[in-house]
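Positions in the sequence shown are counted from 1; adding 5 to them yields the numbering used here.
From the three backbone atoms N, C-alpha and C, an ideal C-beta is built for every residue, glycine too.
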Amino acid sequence: MNPQSQDPDPRDTAGVDASGAQQTGDTPPAEGSMSESGPADTNNPTRGWAGGPLTALFVTVALVVGFFVCYAVWIIANGGPG
C-alpha cells in the first residue's frame with residue numbers, strides 16, 4: 006500500500022503477478038487449499054412432519070372452513086345481508 010492508493014502493491018505482495026492477478030495454482034495465504042462443507046446439520050429431521058402437528062393443522066383448517074360454510078348457510082337462510 007502507499008499513501009495514494011489503499012490497494013496492495015503487486016510488487017510487494019507475494020503470489021500476485023505484475024497486473025495484480027493471482028498466479029495460477031497459488032493459494033492466498035489466509036485461505037485453505039480445499040473448500041469445506043461446513044458443520045454437520047444434525048438437528049434436521051430426515052422425515053416429513055410428525056403426525057401430531059400435521060393432525061393439529063388439519064383440524065384447525067377443517068374448523069375454519071366449517072365456520073365459513075356455516076356462516077354462508079346462515080346468511081343465505083336469513084335472506085342475505087341487510
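When you compare only the Cα positions, how much space is there between GLY84 and VAL64?
-> Numbered from 1 along the sequence shown, position 79 holds the residue referred to as residue 84. Numbered from 1 along the sequence shown, position 59 holds the residue referred to as residue 64. Going by the C-alpha atoms only, they are around 31 Å apart.
Contacting residues, own chain, Cβ-Cβ under 6 Å from LEU68 (five flanking each side not counted) = Locating residue 68 in the sequence shown gives position 63, counting from the first residue. For LEU68, where only same-chain residues beyond five positions count, there are no Cβ hits under 6 Å.
If you run the structure through DSSP and keep just helix, strand and coil, what is TRP79?
-> By 1-based counting over the sequence shown, the position of residue 79 is 74. If DSSP states are grouped into helix, strand and coil, TRP79 belongs with the helices.
For ALA61, three-class secondary structure by DSSP = Position 56 of the sequence shown, counting from 1, holds the residue named residue 61. In the structure shown, ALA61 sits in a helix (DSSP, three-state: H, G or I).
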